[in-house]
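For reference, the structure discussed in these notes is given below.
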Amino acid sequence: MLTVEGLTKRYRGESVVDGLSFEARAGRVTGFLGPNGAGKTQTIKMILGLIHPTAGRVTIGGSALLDHPRPGRVASGVLDGGAFHPGRRVLDELQLQAYAAGADPERAEELLDRVELLPAARSRIGTLSLGMRQRLALARALLADAPLLIADEPANGLDPAGMHWLRALLRELAGEGKTVLVSSHLLAEMERLADDVVVIAHGRLVASGPLSELASVRERRVRIRCANPRVLGARLRARGLTVSEEDEELVVAGADARAIGELALAAQIAVHRLVEDEDDLEERYLALTAGPGPRASSARAADGGVVPASASPSPESAA
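So this is what it looks like as structure tokens:
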């Protein structure tokens, strides 16, 4: 299991990752979600020991990565599909990477077959498409057979068939007992893949928990079109309700349609349209990552939903 506690990274006094805490469990795929610039790549680099955190702690199986005698056998990452020598042949590159990692070079052909790249084994890396280089990066990450696999935007360059294959492979790896953490800025991608999600924005946690719980946190809204929206809106706000205007309608958050209808009737305001709806998962995700708000821990709300909370923005150059 991967445990991140209070992870922070500052550059010139500005936090790009700020007090981030979450867990990713073995045997499950955890989606690491957030818009571009949210701090995902910086977090992944700290987890893998590629950069040092300003504060906080990362443990894998209860121990810090650098406490393990061979860290590369504990955690591996798919970070950059372009970080290969373009003149080398695919198989030669993977065998060389195996020697460097202390892994068995005999596994190179087996892994190329697993990522469906064996037909290109004798090809020069410079001739490969971006999607093929992503497959090679995944094969390299699998050389050490580490219990933790982290993939940073692994679907880049893959066509729909390639994305379907990638989802199947990552779920297969989780089924083998590995902890799989996959970053993305695309919610639809994670809906098809992840068991759990960690959502960050501006370097801070905004939600975490099973994807099914994030999907269950829906905000009920009532849309009303009436003869006097100004008066009705004022009366609703006086009752502490959040009211906005959209497409010549009042949109009332967290309200009951019957109660609003009764209020309009008491005020003798003619109602032309009164309907209830809920935001969808994409709207929920956009709301979580959009604006400032209180910081969240990975706790869940009392009703079983995921606790949301955004934070004030911090500048960052990395996704």
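So for the sequence shown, our numbering puts the first residue at 26; every next one is plus one. All C-beta atoms in this analysis are idealised placements derived from N, C-alpha and C, irrespective of residue type, glycine included.
- Per DSSP, Gly182 lies in no alpha helix (DSSP H) segment and is marked neither H nor E.
- In chain order, Gln122, Ala123, Ala126, Ala128, Arg132, Leu136 place their CB closer than 7 Å to the CB of Leu168, counting only its own chain and leaving out the 5 sequence neighbours on each side.
- In this structure, the beta-carbon distance from Gly59 to Leu218 does not fall below 8 Å.
- For Pro235, the enclosing beta strand (DSSP E) starts and ends at 229-235.
- Taking 8 Å as the cut-off, the beta carbon of Val103 is found closer than this to the beta carbon of Pro179.
- Excluding its 5 nearest sequence neighbours in each direction, Ser148 has C-beta neighbours in its own chain below 7 Å: Arg114, Val115, listed in chain order.
- Residue environment analysis places Asp302 among the exposed positions, since fewer than 16 neighbouring C-beta atoms fall within 10 angstroms of its C-beta.
- Within the model, the alpha-carbon separation for Ala63 versus His297 is close to 43 Å.
- For the 8 Å CB-CB criterion, Leu142 and Met157 form a contact.
- Just so you know, the alpha carbons of Gly265 and Val224 end up roughly 29 Å apart.
- In the structure shown, the three-state DSSP call for Val115 is helix.
- Beta-bridge partners assigned by DSSP to Val99: none are found.
- Annotated as proximal: Ile72 and Val29, with beta-carbon spacing under 8 Å.
- Counting only residues of its own chain and dropping the five nearest sequence neighbours on each side, Tyr310 has a CB closer than 6 Å to the CB of Leu212.
- When Ala315, Leu32, Asp220 are compared, the shortest CA-CA separation from Glu238 is found for Asp220.
- With the rule of 3 Cβ pairs closer than 8 Å, the region 252-264 does not count as touching the region 88-97.
- Counting along the chain, Gly286 sits inside the alpha helix (DSSP H) bounded by residues 282-291.
- Following the DSSP letters along the chain, one finds Gly258 in no beta strand (DSSP E) but inside the alpha helix (DSSP H) bounded by residues 254-263.
- Note on geometry: alpha-carbon atoms of Lys65 and Asp177 lie some 8 Å from one another.
- Excluding the 5 residues flanking it on each side, Val276 has same chain C-beta neighbours closer than 6 Å at Arg246, Arg248, Ser269, in chain order.
- Excluding residues up to 5 positions away in sequence, Leu275 lie with their Cβ nearer than 6 Å to the Cβ of Pro254 in the same chain.
- Boundaries around Glu216 are those of the alpha helix (DSSP H), 212-216, since no beta strand (DSSP E) includes it.
- Thr267 sits exposed, since fewer than 16 C-beta atoms from the chains shown fall within 10 Å of its C-beta.
- When secondary structure is reduced to three states using DSSP, Thr84 falls in the strand class.
- The Cβ neighbour count for Gly31, taken over all protein chains shown within 10 Å, is under 16; the residue is labelled exposed.
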